[in-house]
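Beneath this line is the structure, given in structure tokens, with notes to follow.
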Amino acid sequence: MKERLDETVMAMRAARELKPGDYCNLGIGLPQMCASYVPDGAYVQAENGVIGYGPLVTTDNVDEADVGLIDAGGQFYTPAPGMSFFDMVTSFAMIRSGRLISILGGLQVSENGDLAIHSTSEADEYPQVGGSMDLAWGAKRVIVAMTHSTKDGKPKLVKKLTYPLTAAKCVDLIVTDVAVIEVTSGGLVLKEFAPGWTVDEIKSLTEARLSVAADVKVMEL
Amino acid sequence: MTAKICSAAEAISVIKDGDHVATYMWSMCGTPGYLYRALAASSATDLTLYIENFLPGPPGTMELGYPDPTMLLAHVKKIVTPFLGGRFVGRIGITSDFMGDLIHSGKLETEVTTHGVFVERLHAGAMGLGGFYSPIGVGTIVAAGKETRVIDGKEYIFEKSIRPDVGLIKAARADKLGNLVYHGSARGANPVIAMASKVNIVEVDEIVEPGKLDPELIVTPGIYVDYLVKIPEDDISGAKNLKELAKFGVALMNTKGVK
Chain A
4 MKERLDETVM AMRAARELKP GDYCNLGIGL PQMCASYVPD GAYVQAENGV IGYGPLVTTD
64 NVDEADVGLI DAGGQFYTPA PGMSFFDMVT SFAMIRSGRL ISILGGLQVS ENGDLAIHST
124 SEADEYPQVG GSMDLAWGAK RVIVAMTHST KDGKPKLVKK LTYPLTAAKC VDLIVTDVAV
184 IEVTSGGLVL KEFAPGWTVD EIKSLTEARL SVAADVKVME L
Chain B
4 MTAKICSAAE AISVIKDGDH VATYMWSMCG TPGYLYRALA ASSATDLTLY IENFLPGPPG
64 TMELGYPDPT MLLAHVKKIV TPFLGGRFVG RIGITSDFMG DLIHSGKLET EVTTHGVFVE
124 RLHAGAMGLG GFYSPIGVGT IVAAGKETRV IDGKEYIFEK SIRPDVGLIK AARADKLGNL
184 VYHGSARGAN PVIAMASKVN IVEVDEIVEP GKLDPELIVT PGIYVDYLVK IPEDDISGAK
244 NLKELAKFGV ALMNTKGVK
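Protein sequences appear in the order of chains A and B.
Quick note on my numbering: the first sequence kicks off at 4 and runs consecutively.
Quick note on my numbering: the second sequence kicks off at 4 and runs consecutively.
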């Protein structure tokens with residue numbers, strides 16, 4: 004089997020979408036890791052009430068772990084100059100303001116940019132909505148960072164969602180472990196693929212109709 | 004009334020059977036775990052629990068001081084939450100299928116919402132509103148069974164306000180009047196729960212004399228605070244122990260490799 008990008012590299016690639024001056028909320032899971040790779044001049048927000056925080060605490064600097072400095076998914080972050088704290092009413096007003104970019108995880112994305120993230124079945128006893136619906140509705144740009152296939156090899160880029168809808172027509176870009184795909188009014192467009200992969204191989208892993216950008220290229224890592 | 008400084012057990016005794024109790028829960032950050040332990044030891048039953056996250060900890064962590072909300076289950080008939088944990092897939096191998104058993108048997112009712120809607124429902128309650136029309140979750144599980152209305156061509160869902168009987172709050176420091184300051188992202192929904200709830204019980208690491216907190220930096224004015232409980236320094240829910248638990252958390256979250 005071909006090598007897919009690991010979570011760290013996916014987080015690096017997703018974080019590279021941010022430019023100086025951008026503010027970006029990071030969702031739970033892989034997106035949390037982006038905090039450690041944000042370019043200078045861009046700032047990350049966590050829904051529980053912080054913006055402008057620094058890289059995550061690792062096992063190398065565990066003594067810096069502060070029980071008051073936790074991100075959306077319970078990871079410890081380091082403080083950074085200019086960071087600010089606020090309550091969650093302020094946080095969600097910010098999230099719905101259209102001023103933030105959002106990097107979310109995902110379970111499925113459809114051809115027209117519908118997103119499923121909170122559960123895999125209507126009968127699920129534990130729908131984990133969190134802030135995903137607020138973010139998908141309120142962000143100015145939604146980037147989904149997720150694996151291209153499920154653990155048992157099923158495609159996550161689908162024609163129509165089979166999992167419950169989180170938010171309709173909200174996704175702008177998808178960063179997977181093999182590709183970068185843009186959601187356009189004409190459907191999904193392959194922009195980049197991982198080193199060692201071919202366009203046809205990516206297509207074979209994708210249920211959704213996938214067109215190929217004229218300037219498609221190998222992902223720069 | 005100024006804040007009454009008392010033990011957790013005395014404060015928790017104001018909770019009556021059938022009360023609606025609101026609390027913030029975000030892992031160990033800003034979660035009033037000391038009060039959870041007092042509530043777990045109380046006789047209150049049939050509570051409706053409005054909780055920001057319901058996140059069971061991995062096995063063994065409750066004993067280490069993690070504010071595991073499963074300790075409240077015996078006292079609760081309904082949970083309203085944006086995030087009902089218990090089946091994390093991936094990073095942390097948490098399982099708690101007993102939650103599913105409780106839900107299936109009808110012993111535990113649940114209602115799902117979103118973080119933004121949850122805090123705004125509390126905010127509306129604080130403002131005395133009956134509810135509001137929200138665009139979040141149209142066409143999803145969150146909209147099920149709710150009134151909808153089209154405003155300026157867009158569809159909205161009616162969301163009822165929340166006005167809890169009792170709020171369980173965590174703050175970093177209080178003065179003796181109940182003025183509160185928080186620490187870091189532990190602020191969370193604690194301030195809005197304080198504004199929305201009819202009676203508030205607040206646990207803090209430190210209580211100081213009036214005048215010792217900078218009035219410019221007070222987040223929750225003492226008018227909202229009814230009971231103040233100081234967490235004993237060496238308690239399992241205390242700051243010192245949570246610092247140790249944080250180190251454990253870093254290892255658990257497996258951030259190794261993140262540079």
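C-beta: ideal position from N, C-alpha, C; glycine also.
List the DSSP bridge partners of glutamate 206 of chain B. As a beta-bridge residue in DSSP terms, glutamate 206 of chain B pairs with B:Lys173, B:Val232.
I'd like to know whether the C-beta atoms of arginine 190 of chain B and valine 222 of chain B end up nearer to each other than 8 Å. For arginine 190 of chain B and valine 222 of chain B, yes; Cβs fall inside 8 Å.
CB-CB length for valine 47 of chain A against leucine 29 of chain A, believed under 8 Å: The Cβ separation is near 5 Å, so the contact holds.
Taking Cβ positions only, does glycine 252 of chain B come closer than 8 Å to chain A? Using beta-carbon distances, glycine 252 of chain B counts as an interface residue toward chain A, with a partner under 8 Å.
Considering only residues of the same chain and omitting the five flanking positions on each side of isoleucine 239 of chain B, which have a CB-CB separation below 7 Å? Cβ within range, chain order: Gly68.
Do you know how far the Cα of alanine 170 of chain A is from the Cα of threonine 1 of chain B? The displayed coordinates of chain B run from 4 to 262. Any statement about residue 1 of chain B would go beyond what the structure contains.
So for glutamine 111 of chain A, helix, strand or coil by DSSP? In this structure, glutamine 111 of chain A counts as strand in the three-state DSSP scheme.
With H, G and I counted as helix, E and B as strand and the rest as coil, what does DSSP make of valine 184 of chain B? Three-state result, valine 184 of chain B: strand.
Going by the beta-carbon positions, is the gap between alanine 17 of chain A and isoleucine 104 of chain A smaller than 8 Å? Their beta carbons are not under 8 Å apart, which means alanine 17 of chain A does not touch isoleucine 104 of chain A by this criterion.
Determine, for glycine 128 of chain B, whether the minimum Cβ-Cβ distance to residues of chain A falls below 8 Å. So no, glycine 128 of chain B is outside the interface.
Local conformation of proline 167 of chain A per DSSP, three classes: In this structure, proline 167 of chain A counts as coil in the three-state DSSP scheme.
Contact set between cysteine 9 of chain B and chain A, taken where Cβ atoms lie within less than 7 Å: Annotation: cysteine 9 of chain B has no Cβ neighbours in chain A at a cutoff of 7 Å; minimum Cβ distance is about 25 Å.
So what does DSSP say about arginine 40 of chain B, is it helix, strand or coil? The three-state reading of DSSP puts arginine 40 of chain B in helix, counting H, G and I together.
Write down the C-beta distance between threonine 62 of chain A and valine 195 of chain B rounded to the nearest angstrom, noting that I regard them as a contact closer than 8 Å. No, threonine 62 of chain A and valine 195 of chain B are not in contact; Cβ-Cβ is about 35 Å, not under 8 Å.
Please classify glycine 93 of chain B as buried or exposed, where buried requires at least 16 neighbouring CB atoms within 10 angstroms. For glycine 93 of chain B, the predicted model reports a pLDDT of 38, less than 50, meaning its position is unreliable and no value from the coordinates is stated.
At the level of alpha carbons, what is the spacing between glycine 96 of chain B and glycine 156 of chain B? Only weak support exists for where glycine 96 of chain B lies, its pLDDT of 43 falling under 50; the value from the coordinates is given anyway. Straight-line Cα distance between these residues: approximately 45 Å.
Smallest Cα separation from glycine 55 of chain A: which of A:Arg144, A:Phe88, A:Val70? When the alpha-carbon of glycine 55 of chain A is set against those of A:Arg144, A:Phe88, A:Val70, the nearest one is in A:Phe88.
Is the stretch 168-180 of chain B in contact with the stretch 19-36 of chain B, if contact means three or more CB pairs nearer than 8 Å? Counting C-beta pairs closer than 8 Å gives three or more between the stretch 168-180 of chain B and the stretch 19-36 of chain B, which meets the contact rule.
Per the contact definition of three or more C-beta pairs closer than 8 Å, is the stretch 75-89 of chain A in contact with the stretch 25-44 of chain A? Result yes; three or more Cβ-Cβ pairs closer than 8 Å.
To the nearest angstrom, how far is it from the Cα of phenylalanine 91 of chain B to the Cα of glutamate 212 of chain B? A caution first: phenylalanine 91 of chain B carries a pLDDT of 42, below 50, which makes its placement in the model unreliable, though a value can still be read off. Using only the alpha carbons, I get a separation of about 44 Å.
Within 8 Å (strictly less), CB to CB, does arginine 94 of chain B reach chain A? Confidence is the limiting factor: at arginine 94 of chain B the pLDDT is only 40, short of 50, which leaves the residue's position unreliable, though a coordinate-based value still follows. Under the Cβ criterion of 8 Å, arginine 94 of chain B is counted among the residues facing chain A.
Span separating the alpha-carbon of serine 45 of chain B from that of glycine 52 of chain A: The alpha-carbon atoms of serine 45 of chain B and glycine 52 of chain A are separated by roughly 32 Å.
Is any beta-carbon of chain B found at less than 8 Å from that of serine 214 of chain A? No, no contact with chain B.
To the nearest angstrom, how far is the alpha carbon of isoleucine 82 of chain B from that of glycine 148 of chain B? Isoleucine 82 of chain B and glycine 148 of chain B have their C-alpha atoms spaced approximately 18 Å apart.
Presumed contact (8 Å Cβ cut-off) between isoleucine 1 of chain A and glycine 119 of chain B, rounded CB distance: Absent from the structure is residue 1 of chain A, since the part of chain A shown begins at 4 and ends at 224.
Contact set between isoleucine 144 of chain B and chain A, taken where Cβ atoms lie within less than 7 Å: For isoleucine 144 of chain B, the residues of chain A that pass the 7 Å Cβ criterion are Pro130, Pro167, in the order they occur in the chain.
Using the DSSP secondary-structure output, state which residues sit across from cysteine 27 of chain A in a beta bridge. A:Val47, A:Ile104, per the DSSP bridge assignment.
What beta strand (DSSP E) runs, 3 residues minimum, are completely inside the stretch 183-215 of chain A? With a minimum length of 3 residues, the continuous beta strand (DSSP E) runs that stay inside the stretch 183-215 of chain A are 190-196.
Count the other CB atoms within 10 Å of the CB of asparagine 56 of chain B; is the residue buried (16 or more) or exposed (fewer)? The residue is buried, with at least 16 neighbouring Cβ atoms inside 10 Å.
How many angstroms separate the CA atom of glycine 141 of chain A from the CA atom of arginine 102 of chain A? So the two alpha carbons sit approximately 8 Å from each other.
If we call anything under 8 Å between Cβ atoms a contact, is isoleucine 204 of chain B one with valine 232 of chain B? Yes, Cβ-Cβ distance for isoleucine 204 of chain B and valine 232 of chain B is below 8 Å.
Mind checking methionine 31 of chain B: buried by the 16 CB within 10 Å criterion, or exposed? Of the residues assessed, methionine 31 of chain B falls on the buried side of the cut-off, its CB having 16 or more other CB atoms within 10 angstroms.
Alanine 129 of chain B versus arginine 166 of chain B - alpha carbon distance: Taking the straight line joining both Cα atoms gives about 7 Å.
Under 7 Å from the C-beta of aspartate 137 of chain A: neighbouring residues of chain B: Going along chain B in sequence order, the residues near aspartate 137 of chain A (Cβ under 7 Å) are Thr117, His118, Gly119, Ile139.
Any idea what DSSP makes of arginine 144 of chain A, helix, strand or coil? Correct three-state label for arginine 144 of chain A: strand.
Amino acids of chain A, ordered along the chain, whose beta-carbon sits closer than 9 Å to that of phenylalanine 161 of chain B: Here the premise fails: no neighbours, minimum Cβ distance about 16 Å.
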